[in-house]
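Here is the structure we will look at, set down as structure tokens.
Number of protein chains: 4
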Amino acid sequence: MVTDAQQACFEAGIKFGSLYHQFAGTPVSPDSAPSLERAMAEAIENQPFCASVSVDIDADALAEATDDHGYVELTGRFIEVEMRIEYEGVVVRTAMEMEDGYPLMRLVGVE
Amino acid sequence: MVTDAQQACFEAGIKFGSLYHQFAGTPVSPDSAPSLERAMAEAIENQPFCASVSVDIDADALAEATDDHGYVELTGRFIEVEMRIEYEGVVVRTAMEMEDGYPLMRLVGVE
Amino acid sequence: MVTDAQQACFEAGIKFGSLYHQFAGTPVSPDSAPSLERAMAEAIENQPFCASVSVDIDADALAEATDDHGYVELTGRFIEVEMRIEYEGVVVRTAMEMEDGYPLMRLVGVE
Amino acid sequence: MVTDAQQACFEAGIKFGSLYHQFAGTPVSPDSAPSLERAMAEAIENQPFCASVSVDIDADALAEATDDHGYVELTGRFIEVEMRIEYEGVVVRTAMEMEDGYPLMRLVGVE
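Protein chains in written order, with full-length UniProt numbering: chain U, 1 to 111; chain Y, 1 to 111; chain Z, 1 to 111; chain R, 1 to 111.
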């Protein structure tokens, strides 16, 4: 037996793993960050039960880390993500933030 | 409030999204399928709470689909996946299979 | 010995392989195609010697192919790409287009 | 006009960009490195004109970098790659190595 809330949490996890592993490694600079933020959010919002996604690329961290070539490859240390998943009346809110140097994906609420 | 079972399902979803979007698009042929199956499974087993992963690339479907160049890009229609996630005593079993031409990721059991 | 023209062609190839394998598999719909086009172009323009990139996602092909979920995963059949690489005075123009059902990356000119 | 040598260099670049952006971000540990090395090499060898690929994941660098979770995400700092491309009688040898902290893809020889 799987409850609707469990299924909703499973769906939320799929979206996070998808977002991260689709876009990790993308060349990104302070100038190109806004178009990447938007494309990441809109791409994942296509997936089933995904009500909304916001992606924030940390421009300061990016500016500090860019190498001589003026860009870096996207990793979790540069992004904060919030998502809202809706499945059969269950609303799941999730977030990804850095914690102890590790990009932690977590369930914020299941309602 | 988030229960351990919900968290376990969230973790299971992360692994599925990761596996799919990390490896979709990989050039694969009947000859290279075994090494890719193994690498996919071992890569995702590195992730937290991931007890076991098995990946089966459908050699027949692959052989039929390979183009003049002798290979295709990996998509969900060629793979079946089973995973076992263990989180705080909760065991989640998941599977990905084709259903109506769409690669469906699903929760098989939460115990 | 490697000539500047050969190096320029090598650089052009890197950009094509990068663009394709970074973004293949991204969920895309007619609505989200414009943001993805722009993010793909701006991401690759970050790379060294890459003067300009244009990405065109074929909205008609996309609309036809979208499944019940309203989106597809990006593959070469949906995109046309043009790039201009400049290396030590050599200008390389490249394009990706469908040819016999296969997304062909080709050198258009080396000057 | 494009020469065979230029085309061969373009093909070589495509393979490097493909390899890097397909697999960057893959979870990897000292234990799973061998299966990933092999899958990366065999995947890219499927591509046209690609005679051979060798991938070496630096086990020491990996062991040092693994976090509390026992793995890292693959980036250029952990891998060395050699490839041999053959196109219409032209042989191109290429390599990727770290140089000043940046994973440099380069043409070793065109013959």
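Even for Gly, the Cβ is constructed at its ideal location relative to N, Cα and C. Quantities reported herein were computed from a predicted structural model and do not represent experimental measurements.
In the displayed model, Ser18 of chain R falls within a helix according to three-state DSSP. Classified as buried, Val90 of chain Y has 16 or more neighbouring CB atoms from the shown chains inside 10 Å of its CB. Annotation: Ala63 of chain U has no Cβ neighbours in chain R at a cutoff of 7 Å; minimum Cβ distance is about 18 Å.
Sequence-distant Cβ neighbours of Asp56 of chain U in its own chain, meaning closer than 6 Å and more than five residues away, are Glu80. Residues of chain Y whose Cβ lies closer than 8 Å to the Cβ of Val81 of chain U do not exist; the shortest such Cβ separation is about 12 Å. Residues of the segment 42-64 of chain Z with a Cβ closer than 9 Å to any Cβ of chain U, in chain order: Glu42, Ala43, Ile44, Glu45, Asn46, Gln47 and Pro48. Among the CB atoms of chain Z, one or more fall inside 7 Å of the CB of Ile14 of chain R. For Phe78 of chain Y, no Cβ of chain U is located within less than 7 Å of the residue's own Cβ. Of the residues Z:Val92, Z:Phe16 and Z:Met98, the one whose Cα lies closest to the Cα of Ala41 of chain Z is Z:Phe16.
Using a Cβ distance threshold of 7 Å, Val2 of chain Z and Leu74 of chain R do not count as a contacting pair. Taken in chain order, the whole alpha helix (DSSP H) runs of length 4 or more contained in the segment 24-81 of chain U are 33-45 and 59-65. Of the candidates U:Ala33, U:Thr94, U:Pro103 and U:Glu99, the residue whose Cα lies closest to the Cα of Ser52 of chain U is U:Thr94.
Taking a beta-carbon distance threshold of 7 Å, Ala39 of chain Y does not count as an interface residue toward chain Z.
A direct Cα-to-Cα measurement between Gly70 of chain U and Thr26 of chain U gives close to 13 Å.
Leu36 of chain R reaches chain Y at Ala39, Glu42 and Ala43, counting residues in chain order whose Cβ is nearer than 8 Å.
For Met1 of chain Y, DSSP assigns no beta-bridge partner whatsoever. Residue contact with chain Z for Gly17 of chain R: present (Cβ-Cβ distance below 7 Å to some residue of chain Z). Taking C-alpha positions only, Arg38 of chain U is separated from Ser35 of chain Z by approximately 6 Å. DSSP, read as helix, strand or coil, puts Gly109 of chain R in strand. Chain-ordered, the chain Z residues with CB closer than 7 Å to the CB of Val110 of chain R read Val2 and Gln6. Within 9 Å of the CB of Tyr87 of chain Z, no CB atom of chain U is found; the nearest one sits about 14 Å away. The criterion of a C-beta distance shorter than 7 Å is satisfied by Ile44 of chain R and Leu19 of chain R.
Proximity of chain U to Thr26 of chain Z at the Cβ level (cut-off 7 Å) is accounted for by Gln22 and Ala43, in chain order. Below the 7 Å Cβ cutoff, chain U contributes Ala24 and Thr75 as neighbours of Glu73 of chain R, in chain order. Straight-line measurement puts the Cα of Gly13 of chain U at about 5 Å from the Cα of Phe10 of chain Y.
Counting along the chain, the unbroken beta strand (DSSP E) around Glu99 of chain Z starts and ends at Val90 to Glu99. The DSSP-derived three-state label of Glu11 of chain R is helix.
At a cut-off of 7 Å between beta-carbon atoms, Leu107 of chain Z makes contact with chain R.
Nearest Cα to Ala24 of chain Y within the set Z:Asp60, Z:Gly76 and Z:Asp58: Z:Gly76.
Gln47 of chain U sits away from His21 of chain Y, with the two beta carbons spaced by 7 Å or more.
Gln6 of chain U sits away from Gln7 of chain Y, with the two beta carbons spaced by 7 Å or more.
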